[in-house]
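Quick notes on the structure that follows.
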Amino acid sequence: MTTGPASQGTPRAEVAVDKALVAALLAEQHPDLARLPLALLDEGWDNVMFRLGDGLVVRLPRRAAAVALLDREQDWLPILAEALPLPVPAPVRRGRPGAGYPWPWSVVPWIDGVTADLSPPAASEARALGRFLTALHRPAPPGAPRNPVRGVPLATRRDMVEARAARVATATDALTPALGRLWESALAAPIDDADRWLHGDLHARNVLVSEGRLAGVIDWSDLAAGDRATDLASVWGLFEARAAREEALAACAGVSEATWMRARGWAYAFGVMLLDSGLADHPRHAAMGRDTLRRLADGP
């Protein structure tokens with residue numbers, strides 16, 4: 001979920017992507033896959049996904065802003081995947097423009113599981129999340145991609161977050177004075193860590209769960225190098241129990257007090273963004289935003 005200006009609601013699709021188009025692309029470029037059953041799976045902010053047979057997913061950008069993000073998934077995720085302790089959908093095939101479709105696209109593995117907003121992980125999975133984040137958050141090389149809205153100083157996102165927060169405050173009681181003070185403290189916290197690899201959009205709809213256990217992490221569109229506090233915010237989006245959140249953060253290697261404070265700021269930003277966009281047209285996002293902000297108010 002890539003966010004630019006503080007507009008409300010899901011961005012409009014710039015290209016119509018349907019089953020017939022995907023079938024034509026497969027027949028043209030990957031004919032060995034073209035006979036597999038094909039069905040619409042989901043449509044997000046940036047991409048449309050189709051289930052392909054039992055073991056694959058076709059992933060296609062629905063707007064131009066997502067094209068560069070797909071490119072970085074194709075280039076970097078297969079490299080990162082080798083060191084991660086949870087399954088991730090590293091592309092197994094690349095697609096190019098064709099059949100009237102203007103952009104590159106991917107075929108990725110299917111990962112069994114239910115998104116964590118619908119099936120939350122058990123509290124006992126807190127350490128598993130910490131291990132995953134520690135494995136991911138290794139120092140990034142100089143040529144690693146950057147993301148203008150993830151892993152950056154929180155101050156660069158202040159105007160967008162506060163514009164959304166103003167809308168949320170008029171429509172809900174989710175934002176308290178204490179959360180406002182937390183946000184100000186997070187803005188003041190220095191970045192005291194090297195740039196590390198990030199998922200960049202680690203909310204509950206991008207985490208898969210099976211029978212209470214973490215099963216995979218999907219949608220790596222915002223993959224980049226930057227401040228790992230962006231990803232650490234996920235503990236408030238995933239775990240209801242305060243003790244589980246504390247355990248997950250404790251399992252992450254070398255988190256300083258300043259990084260912990262920035263993570264809380266990113267949790268506030270994600271909570272506000274999800275609630276604001278969800279109030280417009282996505283009830284699941286709204287619920288995720290409310291849950292994140294409520295847990296953040298509870299601590300740690």
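Read the sequence shown against the working numbering and you will find it ends at 300, with the numbers running on by one and no gaps.
Using N, Cα and C, we set each Cβ at its ideal position, and we do this for glycine too.
- For V168, the enclosing alpha helix (DSSP H) stretches over residues 158-171.
- When only Cα atoms are considered, D192 and A140 end up about 15 Å apart.
- Distances from the alpha-carbon of G289 to those of D298, G299, G278, A297 put G278 closest.
- For Y101, the pairing in a beta bridge is given by DSSP as G98.
- Relative to D222, the option among N206, G237, L214, R213 whose CA is nearest is N206.
- Ranked by Cα distance from P145, the options A169, I111, W197, P177 are led by W197.
- Straight through space, the alpha carbons of A123 and R264 are spaced by roughly 19 Å.
- For the pair P87 and L238, the CB atoms are not nearer than the 9 Å cut-off.
- Here A229 is near W260, since their CB atoms are less than 9 Å apart.
- Look at F132 here: in three-state DSSP terms it is helix.
- At a cut-off of 3 residues, the continuous stretches assigned as beta strand (DSSP E) that sit fully inside the stretch 33-105 are 38-43, 47-52, 56-61, 93-95.
- Along the stretch 193-247, the alpha helix (DSSP H) occurs as fully enclosed runs of 4 or more residues at 229-232, 234-238, listed in sequence order.
- Taking C-beta atoms under 8 Å as the contact rule, L275 and T172 qualify, at a distance of about 7 Å.
- Three or more Cβ pairs drawn from the stretch 8-28 and the stretch 61-70 lie within less than 8 Å of each other, which places the two stretches in contact.
- By the Cβ-count criterion, P61 is buried, with 16 or more other Cβ atoms from all chains shown falling within 10 Å of its own Cβ.
- For E257, the uninterrupted alpha helix (DSSP H) segment begins and ends at 257-281.
- When the five nearest sequence neighbours on each side are left out, the beta carbons in the same chain lying within less than 7 Å of the beta carbon of A24 are those of A99, in order along the chain.
- In the three-state scheme derived from DSSP, where H, G and I count as helix and E and B as strand, V107 is classed as strand.
- Residue pairing for P139: DSSP places it in a beta bridge opposite R196.
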